[in-house]
Each structure stands twice: as C-alpha cells, then as structure tokens.
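Enquirer: Let me begin by handing over the structure; questions about it come next.
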Amino acid sequence: MGSAPGQNSAVAPIKRAQITVIQQAPLLDGALNDLAWQHATQIEDFTEVKPNEGRPAEQRTVCYLARDDEFLYVAFECFEEDVASMVLQNVSRDAFLTDDDRIEFVLDTFNNKQSAYFFQMSAAGSRGDALIGENGLRFNKPWNGFWEGVAKVHDDKWVCEMAIPFATLSSGENDAWGINLQRYRGASRSQYRWSSPRRELFVGNVSVAGEVSGLSGMRQGSEIEFRPYLKTRRIDQHNGNQELLPDFGGEFHWLITPAFKASLTFNTDFAETEVDDRKIDLSRFSTFYPEKRDFFLQDSNLFEFGEQSTWGGRGSKNLLPFFSRSIGLSGDKPVDIDYGLRLAGRIGALDLGVLAVHSGDDLELGVPSGNLFVLRPSYHLSKSSSIGGLFTYGNPASLGSNSVGGADYHFSSADVFGSSLALNTFLVQSSDEDGAQRGLGFGLQASLSQPEWKFSFANIATQSEFSPGMGYVRRPGEMMNKAVVQWKPLPDNSAIRQYDFMVAPEVWTNLDGDLISSTLRLGLFGAEFQDGTSVKFHTKIMRDRPDSAYEVADSVTMLAGDYSWMEHMLKYSTSTRETWSYGTYLSGGQYYDGSIIKLNTDLTYRPSVSSKIQLSYSENRGHLPAGDFTTRVQSLALDFSFGPQMSWGTLFQADNQSDTLGVQSRLKYLLEDGRELFFVADSGWEELANRMIVPVQHDLTLKVVYALRF
C-alpha cells in the first residue's frame, strides 16, 4: 500500500549540464533539422514521477539547450509509440492544461533556489508561462513574458522549439542557473522529470532543481520598451443614451539592470480583463475575488505579503495586508488610475517591489482621488530563508490617511530529512489618520510534505481595529486555527492510482478565546482511478455562533444563536481528456436550524483542439424556520481558437439573487507577445418584478496594444 510517515527516499545529488553557445539561431519550425540543434546540449535522463516513482521514463524524451548572445533556445523531442492516443486539447496562449501532452520547465535565473520563471508548451501549440516564488508556494500564472514557440506532431513523436529573449528574464551575473525539465503524457497520465523526480514535489520546487552553466556574458537586448494603447469604447444605455469614448495611454518600461526594472503607467486601462466568475456566498463574511488585471499581475510575486495558499487551503484567503485589487476598483466597478510608477526586481540578495499610484476620483461611486504607495523589500538570508517587510500608505476608499507596516519570515526547502518543509510567519500593524486607531494582524503557517503524507497548520489572527487601507481581511477581530492531515497511499497493481483520506479541523475564536465557529472536515474516502476519474466522500461537522442576525439569501434572515449541524458531500468527476467530461458536487444534511441541499455540476464538450463548450450550474436549496430559499448561478462558456495567435471566448452568467444576466465576449489577436488587438463586448440584462427581461447596457471596446522596444 505504500510507506509510513518518515520513510522517504534519500535526496538525490544535483544534476548539472553545460549549455552550448551557437553562432546561428535555429529556425523555429518543429522539425529539429537546423545545425544549431545538432550542436546543442542534449538531456535525456528523465525519470518517471507518476504513476511509478523512480522508474526510467517509458517513452524517450530529449531536451536540447543552446544560446547565443540574446536568446536562450530550448527544444523538446518527445517520442510516442502511439501518436493517435495523444491528448491535444488546447492551442491558445495561456490555456489551462490539464491532460494535454505537454512539456514544462523552470529557470531559476538567480540560482537562489526560491524563485523562477515557468514555461510550458503543449503538443497542440499552446504556450504558457508564470512566475514562481517561495520555492513553489507562490505561482503567478497570469504573468506573460515575450518569447516564441512552435510545436509539431510527427509520425512517432512530437517536437516543440522555443526562443526566449534574455531581455524577458531578469537575472544576476551568475554563470549557472537553476533548471528543471518535465514532460506529461496525456494517454497514460504519466509524468517524467529530470531533477528530483519525487512525487511529493512539483517542477516549481526550485530548491531541488538541477543547474545549467555557461550563461554569463549574454546581452539583455532591449533595455527600454514603450507599450502604448489606443482604444475606442461605445456605451449604449437602456434609456437611449449613447456615448463614444476614444482614449489612449500606455506603459513605459526601463530595464535599469538585468535584474531591476522601472515601469511607468499613465491612463491605465483594463478593458480586456476577464469578468469575475459569479459567486453566491451564504456566509456572513465578504467574498474574495482574485486579481486579474495584467498591470498588477506583472512582478506581483515581489509584492505578496501575508497568508499563503498552500496545498492545505488552496485558494482560501483570510488576511492580505496588501491586495492590489483595492486599487482601481470599487467593488467590481473600475476607478481611473491617472498615472503610476513601479520598481521591481533584485539588487544583490534583496528583492524589492515599489508601487506609487495616483488614482482618480469617481463621484458616482463616492471614491476620492488620492496617492497610494507600497514598499515591499525581502532579503534572502540563505537559499532557503528570507526576511522582509511591508509598508503601505493610502486608502483608495477614503479621504483619511491609512498606513500599514509589517515584517515577515519565510523558510522553504525540499531537503529536510527527505521531506519538503515550508514556514511562513508575519506580523503587521495598521494605523489610521494621526494614529488614532491602531490594530495588529498576525499569521503563522507551516506545512510538511512526504510522498504519501501531508501535514499543515495555520494560525491567522487580527484585532478588530486592524484595517489595512489597501488590504483584505475576511474576518476582522477573530483568530483562526486550522490543521490538515492527509494520507494518499498508492495501491499496487490496481485500477485505482491513489487513495485520499483527510482530517481537517478549523476553529475560529475571538481574541479572548471564545468560540465563534468551527468545522471538522473528514475525508472518509477518496480515490483517483488510472483513467483520471475521481470520487470523494466527505463529512463536515460544523458549529456557528453568530452574535447578530444576518441575511442568508433574499428575505431569509438567520438569527443570532448557537447552531450545530452535520453535512455530507459526494464529489465525482470524469477524466477531462475525453471529448465529453463532467463533474458533480452534491452535498446535503442539516444547516443551522434547518436543512440544505447543494449541487454544483459542470459539463464540458471538446469537439476539437480549437473549441470547448462548458455548461456550469450551481444551486443551494435551503429550508429554515425563517423561510425557504433557493439560489442559482448558471454559466455557459464558449471558447474557440483559430491557431495560437487568435482566440475568441464568450461567457454567459446569470444568477437569481441579482436577477441579472451578463455576457462578455472577447476576441484576441496576438501578432506577437506585447502586440495585441482586443475586441470586447459586454452586455447586461435585468429581470424586473413583472418577470420582463430588459437590457441595461451594451459596451463595445476596440483596443490595440503595440509594444516598441529600443
């Protein structure tokens, strides 16, 4: 069945390679016929990670590495005995690759064992990239760099070739970079890796990456980039009013050193940003929505401070002393950003992020204009630990001043007695105008990962006076203690690839220790089958003691009291590599002093590599003494790709709490990275009391971004 806690394999020695310097750049055509590839460094000692850790890779994989003064060239030759069985599902830029045949690699350009660039290509031609921080704990997928890549499927293999400008990569003066390489095969759902092929790790754990030397002396290329935009927007209101609003703005980037960049923005625009997914939260606490705007996602890993999303609580956020979504947005409504400055990068062992923004006012939203400032330094004590700070000044939602100051410490290593250990702790204070109100926030998180066992603990607390002007606090004045113990044994010779059992208690109290709420989550059974199908059965035992009444749903109020109940959950999903796939989450049981049934389901149809249709439905049906309620959220996503350069996506969303329907349709044409055309149509309809559905607003935007590099 597997190993007990502590029975981990010894840490393998670091793998190393020497990159080849070439004089003539290869043609990117997916053929590997150029002389440059024949002279390139070749790496092919890949080891299987999943499903059978430690075995030699079943299918041969060769990685080619070369460079000249301005570009890093990477190619993969992935042999495949049955090309017809390959999974080819995504071709567009930044697609979410689940079961696609693909390669992935990371570049730790400072060789600090903590941060890296992540690159990904699918056999169908989809390109993706990301920023990695804190040895893989921070993963900024929306980041986009400038690079080229081509993929091609042959009779007995598939090949991808990439050219990455050194100007895209901030780097130190070191000759050696950290690097790791990985391949995923969709047919067998197997994973091969070059360095540290341990299943409890992923390719982003750069502390155990290999090294490639021969990277000194290159030129960073373009040091200055101007990225202007032109756009025109037409707004049609339901009352007949019509507006045509031409506009322009842009960004100016200066690479001061290969590792440190200054960026200026003026009249910052986010017209092409995807809309938020609709959510209905039955709790009495605020709902968290992630940042999606490109300007704030660039170098965002350097500004992160506070609670981290680890494997024990992926996606959950309770305390962020700085949250960029507080700038330029009031709720989901945009607020003008007139101009701003961002400094980001590394100076020696110091990571530094500086952000200064002047935001405009909006009388309709009641938002004043103001100056906002963020300083985030982090000093690397070693390759596994760092100490840092945070200072912010300003409050986008108020005329009054607000400041936040704090310090944090991080430790992350995959080499602690054969286990992966991560630690994050921070202390922060907020102060309003003249220091009349001060409050503290605190956090401690730790996680330990072994091949079959995972343990984590988190303590997050804030005083009720803690109020960061540019931050996010879900439950002010409360303390959370949460632990997760997870066991994922590997059966031998079974149709089941992995079992999953879990215990996760979570307790919220006030700072005097009085209970506010608690949840005991019991993962009684979970199984992942060899074909990707999975099933889970969980039970939750909950208690909540609201001290005042609040609205659960329209016209249904939960009274203050002390409530205890139990809920059961069944989750089933089929393999996403098939043409048709679906997932269902069904839960039910008691709910406060009544009962509830919850249903979340989605159906996905992928008729070809260039198209996907997904229908999602969510419903909560509650029965309480205060009244019955039903909440619904429906969405339909239509995604089409016309090659790697052009994509068109349309999202329909409706819910019965706002009684509105929203549609966003986005057409994107990518001439090359940094040179793009967007056509975005946003429409809204509202259901009136007499059940009549009327249009509210139609918004059409045409935007062109064209980067110029000097």
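In terms of my numbering, the sequence shown is numbered consecutively and its last residue is 2027.
We treat Cβ as the ideally placed atom computed from N, Cα and C, and that holds for glycine.
Since the structure is predicted, the reported quantities are computational estimates derived from the model, not experimental observations.
1. Going by other Cβ atoms of all chains shown within 10 Å of its Cβ, with 16 needed for buried, is P1961 buried or exposed?
2. Tell me whether N1452 sits in a helix, a strand or coil according to DSSP, three-state version.
3. Based on Cα-Cα distance, which residue from I1704, D1829, D1861, S1720 lies nearest to G1711?
4. For W1825, does the three-state DSSP call read helix, strand or coil?
5. So H1855 is in the beta strand (DSSP E); what residue range does that whole segment cover?
6. Less than 7 angstroms separating the beta-carbons of S1904 and H1940?
7. Quick check on S1958: does DSSP put it in helix, strand or coil?
8. Could you give the uninterrupted runs of the beta strand (DSSP E) lying entirely in the segment 1769–1803, keeping only those of 3 residues or more?
9. Determine the direct distance from the alpha carbon of P2012 to that of L1740, and round the result to whole angstroms.
10. Need the endpoints of the beta strand (DSSP E) that H1697 sits in, please.
11. Measuring only the C-alpha atoms, how far is R1372 from F1463?
12. Would you mind stating whether S1488 and T1574 have Cβ atoms separated by less than 7 angstroms?
13. Since A1606 sits in a beta bridge, which residues does DSSP pair it with?
14. Between C1395 and R1894, what straight-line distance do the alpha-carbon atoms span, to the nearest angstrom?
15. Look up H1356 in the DSSP assignment and say whether it is helix, strand or coil.
16. If you compare alpha carbons, which of T1485, D1594, V1400 is closest to H1287?
17. My parser needs the beta strand (DSSP E) runs of 3 or more residues fully inside the segment 1666–1746; what are they?
18. Among T1967, L2025, E1608, whose alpha-carbon lies nearest the alpha-carbon of V1997?
19. Ignore the nearest five residues each way along the sequence and tell me which others in R1631's own chain have a CB closer than 8 angstroms to its CB.
20. Tell me whether R2008 is buried or exposed, calling it buried when 16 or more other Cβ atoms sit within 10 Å of its Cβ.
21. Just tell me which of K1915, L1916, N1584, L1932 has its CA closest to the CA of R1923.
22. Could you tell me which residues DSSP puts in a beta bridge with I1420?
23. Would you kindly work out how many angstroms separate the C-alpha atoms of R1992 and E1465, rounded to a whole number?
24. Counting C-beta neighbours from all protein chains within 10 Å, is the total for R1333 16 or more, i.e. buried, or is it exposed?
25. On the DSSP bridge list, what partners appear for T1921?
26. Ignore the nearest five residues each way along the sequence and tell me which others in R1642's own chain have a CB closer than 6 angstroms to its CB.
27. Which full runs of the alpha helix (DSSP H) of 4+ residues lie inside the segment 1492–1563, going along the chain?
28. Rounded to the nearest angstrom, what separates V1379 and A1353 at their Cα positions?
29. Below 8 angstroms, can you find three or more Cβ-Cβ pairs linking the segment 1590–1608 to the segment 1554–1573?
30. State the beta-bridge partners of S1766 as determined by DSSP.
31. DSSP on N1584, reduced to helix/strand/coil?
32. Hey, out of D1611, A1504, S1695, L1345, whose CA is closest to T2034's CA?
33. So L1389 is in the beta strand (DSSP E); what residue range does that whole segment cover?
34. Who does E1993 pair with in a DSSP beta bridge?
35. Which residues mark the beginning and the end of the alpha helix (DSSP H) in which F1622 is found?
36. Which of the three DSSP states, helix, strand or coil, is assigned to T1893?
Expert: Taking the coordinates as given:
1. Taking the sequence shown and counting its residues from 1, the one referred to as residue 1961 is at position 644. When all chains shown are included, P1961 counts as buried.
2. Taking the first residue of the sequence shown as 1, we reach residue 1452 at position 135. The answer is helix: DSSP assigns N1452 an H, G or I state.
3. Here the question's residue 1711 lines up with position 394 in the sequence shown. Of the candidates I1704, D1829, D1861, S1720, the one whose C-alpha sits nearest the C-alpha of G1711 is S1720.
4. The residue labelled residue 1825 in the question sits at position 508 within the sequence shown. Correct three-state label for W1825: strand.
5. Residue 1855 sits at position 538 when you count from the first residue of the sequence shown. Per DSSP, H1855 belongs to the beta strand (DSSP E) from 1851–1861.
6. Position 587 of the sequence shown, counting from 1, holds the residue named residue 1904. Position 623 of the sequence shown, counting from 1, holds the residue named residue 1940. Contact flag unset, no.
7. Here residue 1958 is taken as the residue at index 641 of the sequence shown, counted from 1. In this structure, DSSP gives S1958 an extended state, which the three-state scheme calls strand.
8. 1770–1779
9. For the purposes of this step, residue 1740 is taken as the residue at position 423 of the sequence shown. For the purposes of this step, residue 2012 is taken as the residue at position 695 of the sequence shown. The alpha-carbon atoms of L1740 and P2012 are separated by roughly 51 angstroms.
10. The count along the sequence shown starts at 1 and reaches residue 1697 at position 380. 1687–1697 is the span of the beta strand (DSSP E), which, as asked, contains H1697.
11. Numbered from its first residue, the sequence shown carries residue 1372 at position 55. Numbered from its first residue, the sequence shown carries residue 1463 at position 146. Answer to the nearest angstrom: the Cα atoms are 36 angstroms apart.
12. Reading the sequence shown from its first residue, position 171 is the one you call residue 1488. Reading the sequence shown from its first residue, position 257 is the one you call residue 1574. No, the pair does not count as a contact, with Cβ atoms beyond the cut-off.
13. Sequence index remark: in the sequence shown, residue 1606 carries index 289 (1-based). According to the sequence as given, residue 1606 is Tyr; it is not Ala. Answer by DSSP bridge pairing: none, since Y1606 is not bridged.
14. Taking the first residue of the sequence shown as 1, we reach residue 1395 at position 78. Taking the first residue of the sequence shown as 1, we reach residue 1894 at position 577. About 19 angstroms.
15. Working through the sequence shown from its first residue, we reach residue 1356 at position 39. Judged by DSSP in its simplified three-state form, H1356 adopts helix.
16. The question about residue 1287 has no answer here: the residues shown for the chain are numbered 1318 through 2027.
17. 1667–1676, 1687–1697, 1702–1710, 1719–1733
18. To locate residue 1997, count along the sequence shown from 1; it is residue 680. Selected option, being the one with the closest Cα: T1967.
19. As a first step, residue 1631 is located in the sequence shown; it is residue number 314 there, counting from the start. For R1631, the predicted model reports a pLDDT of 45, less than 50, meaning its position is unreliable; a value from the coordinates is still stated below. Taken in chain order, the list of residues that qualify is empty.
20. For this step, residue 2008 is matched to residue 691 along the sequence shown. R2008 comes out exposed.
21. Position 606 of the sequence shown holds residue 1923. The residue with the shortest Cα to Cα distance from R1923 is L1932.
22. Counted from its first residue, the sequence shown places residue 1420 at position 103. DSSP, once it has assigned bridges, lists M1438, R1500 as partnering I1420.
23. As a working note, residue 1992 is residue 675 in the sequence shown. As a working note, residue 1465 is residue 148 in the sequence shown. The alpha-carbon atoms of R1992 and E1465 are separated by roughly 13 angstroms.
24. One-based indexing of the sequence shown puts residue 1333 at position 16. Result: exposed.
25. In the sequence shown, counting from the first residue as 1, residue 1921 sits at position 604. Note: T1921 sits in a beta bridge opposite S1898, Q1931.
26. The residue given as residue 1642 occupies position 325 in the sequence shown. For R1642, where only same-chain residues beyond five positions count, the Cβ hits under 6 angstroms are E1608.
27. none
28. Working through the sequence shown from its first residue, we reach residue 1379 at position 62. Working through the sequence shown from its first residue, we reach residue 1353 at position 36. Each residue's alpha carbon lies about 15 angstroms from the other.
29. no
30. Position 449 of the sequence shown, counted from the start, is the residue given in the question as residue 1766. S1737, K1771, per the DSSP bridge assignment.
31. As a working mapping, residue 1584 is identified with position 267 in the sequence shown. Strand.
32. In the structure as shown, the chain begins at 1318 and stops at 2027. Residue 2034 is therefore absent and cannot be evaluated.
33. Counting from 1 along the sequence shown, the entry for residue 1389 is found at position 72. Residues 1388–1396.
34. Locating residue 1993 in the sequence shown gives position 676, counting from the first residue. In the DSSP output, where bridge partners are listed per residue, E1993 has L1987, V2022.
35. Here residue 1622 refers to the residue found at position 305 of the sequence shown. Where F1622 is concerned, there is no enclosing alpha helix (DSSP H), given that its DSSP letter is neither H nor E.
36. Translated into the one-based positions of the sequence shown, residue 1893 becomes position 576. Residue state, collapsed to three classes: coil.
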